[in-house]
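Enquirer: Here it is, the structure in full.
The structure is reproduced here in structure tokens:
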């Protein structure tokens with residue numbers, strides 16, 4: 001179990017069954033210099049993507065608690081990253097910022113592959129659809145947007161999901177067509 005919050009702390013815990021029930025043991029405690037607003041776990045459950053007040057996305061290795069990547073989580077110069085969401089294949093991470101924009105980044109390189117604007121208030125929730133064709137966002141403006149993703153993003157996500165299913169392997173950290181810089 002992982003938690004992060006406005007106190008700038010990230011707690012990594014393991015759960016174990018005992019005679020008294022489930023016991024959670026803290027394995028790592030990390031304190032950052034910036035407030036941490038949201039977190040999502042990649043499909044392999046090896047990495048956590050955390051959205052931070054300083055407009056960055058930090059990628060942490062769950063097993064050892066170490067930060068593996070840091071990249072800018074917003075194309076704008078103002079605001080903070082409010083929400084993060086990984087896609088079903090683990091290739092991309094989406095962010096919403098207090099400046100009302102939504103960006104999609106390559107999970108491994110941090111390259112921005114899409115930016116979307118349209119909500120008149122801060123986006124408070126977002127989710128990729130399981131068919132990899134859309135992203136749904138909700139906002140303080142009482143609107144729900146269904147964004148159609150670029151065909152190349154959908155193709156990449158579906159190809160990775162298909163490859164993983166066909167090979168019968170657990171989800172790999174490295175997409176077959178891109179080098180992985182996470183260690």
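In the UniProt record's numbering, the protein residues as written are 1 to 183.
Using N, Cα and C, we set each Cβ at its ideal position, and we do this for glycine too.
What residue range does the beta strand (DSSP E) around residue 21 cover?
Expert: Note, residue 21: beta strand (DSSP E), 21-31.
Enquirer: If you draw a straight line from the alpha carbon of residue 99 to that of residue 18, how long is it in whole angstroms?
Expert: 47 Å
Enquirer: According to the neighbour-count rule (16 or more other Cβ atoms, all chains shown, within 10 Å of its Cβ), is residue 84 buried or exposed?
Expert: buried
Enquirer: What does the alpha-carbon distance come out to for the pair residue 64 and residue 158?
Expert: 30 Å
Enquirer: Would you mind reading off the limits of the beta strand (DSSP E) that contains residue 129?
Expert: No beta strand (DSSP E) holds residue 129; DSSP gives it neither H nor E.
Enquirer: Does DSSP classify residue 159 as helix, strand or coil?
Expert: helix
Enquirer: Does the stretch 2-11 come close enough to the stretch 24-34 to have 3 or more Cβ pairs within less than 8 Å?
Expert: yes
Enquirer: Taking the alpha-carbon of residue 4 as reference, which of 23, 32 and 20 has the nearest alpha-carbon?
Expert: 32
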